[in-house]
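S.K.: Sharing a structure with you now.
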Amino acid sequence: MKKIFIGLGITASFLFGAETIKAVFDCAAKDPRFIASRMFLIEESAKELKAKNIPYTFVLTIHSGCTPIITEEIGDDEVKKGISQRLKILHHQYGVKIQACEIAMERFGIEKSDLPEYVGSVHNSITRVIELQNSGYAFIPYH
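So the sequence shown is numbered by the working numbering: it starts at 101 and just counts up by one.
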């Protein structure tokens, strides 16, 4: 009888699948060291879920003081170079969708053509966060 229940449990998990964990990380911070520490935590979270075979969908919205991190040319500072490298890793290794606010980009003089291939854009990051929250995404602010 125990084997039947175990078999039913395994079958149910295949039929219904594990629920996808969804989170939107909203970066508006200006301090590069703080931003770097948050990028590290996003990576560690994705790494943990991936290791546990838990499906997840992460979105990173970037606006306000955080906006300059979306350009490849964010300076010679090692912290800023580390942020740029971590953004690539987040996207390519962990499937994080990185979305820059076009309103903020305009304020910083950043054109869509300046964006690296792994960074997308949305017109307004605030309305994007609202959409994601209304779709069940946990809101993680980095301000």
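C-beta atoms are modelled at their ideal positions from N, C-alpha and C, and glycine is treated no differently.
If we call anything under 9 Å between Cβ atoms a contact, is Ile203 one with Gly220?
M.R.: Within the sequence shown, numbered from 1, the residue matching residue 203 stands at position 103. Within the sequence shown, numbered from 1, the residue matching residue 220 stands at position 120. Not closer than 9 Å, so no.
S.K.: Excluding five sequence neighbours on each side, which residues of the same chain lie with their C-beta closer than 6 Å to the C-beta of Ser225?
M.R.: Residue mapping note: residue 225 aligns to position 125 of the sequence shown, counting from 1. Here the set comprises Thr161, His163 and Cys201.
S.K.: With a Cβ-Cβ cutoff of 9 Å, do Lys180 and Ile170 count as a contact?
M.R.: Residue numbering aside, residue 180 sits at position 80 when the sequence shown is read from its first letter. Residue numbering aside, residue 170 sits at position 70 when the sequence shown is read from its first letter. No, the Cβ-Cβ distance between Lys180 and Ile170 is not below 9 Å.
S.K.: If we ignore side chains and look at the alpha-carbon of each, how far apart do Leu232 and Phe239 end up?
M.R.: Within the sequence shown, residue 232 is the residue found at index 132, counting from 1. Within the sequence shown, residue 239 is the residue found at index 139, counting from 1. Cα to Cα, the separation comes out at about 8 Å.
S.K.: When you compare the CB positions of Ile230 and Thr167, do they come within less than 9 Å of one another, or not?
M.R.: Taking the first residue of the sequence shown as position 1, residue 230 is located at position 130. Taking the first residue of the sequence shown as position 1, residue 167 is located at position 67. At a Cβ-Cβ threshold of 9 Å, Ile230 and Thr167 do not count as neighbours.
S.K.: Have a look at Ser113 and Ala151 and give me their C-alpha separation to the nearest angstrom.
M.R.: Within the sequence shown, the letter at position 13 stands for residue 113. Within the sequence shown, the letter at position 51 stands for residue 151. The predicted model places Ser113 with a pLDDT of 44, which falls under 50 and marks its position as unreliable, so this point remains unresolved.
S.K.: From the DSSP secondary-structure annotation, give me the bridge partner or partners of Pro241.
M.R.: Position 141 of the sequence shown, counted from the start, is the residue given in the question as residue 241. Answer is Asp126.
S.K.: If we ignore side chains and look at the alpha-carbon of each, how far apart do Ser235 and Ile183 end up?
M.R.: Looking up residue 235 in the sequence shown gives position 135. Looking up residue 183 in the sequence shown gives position 83. Their backbone Cα atoms lie some 28 Å apart in a straight line.
S.K.: Under the rule that 16 or more other beta-carbon atoms within 10 Å means buried, what is Phe140, buried or exposed?
M.R.: Numbered from 1 along the sequence shown, position 40 holds the residue referred to as residue 140. Result: exposed.
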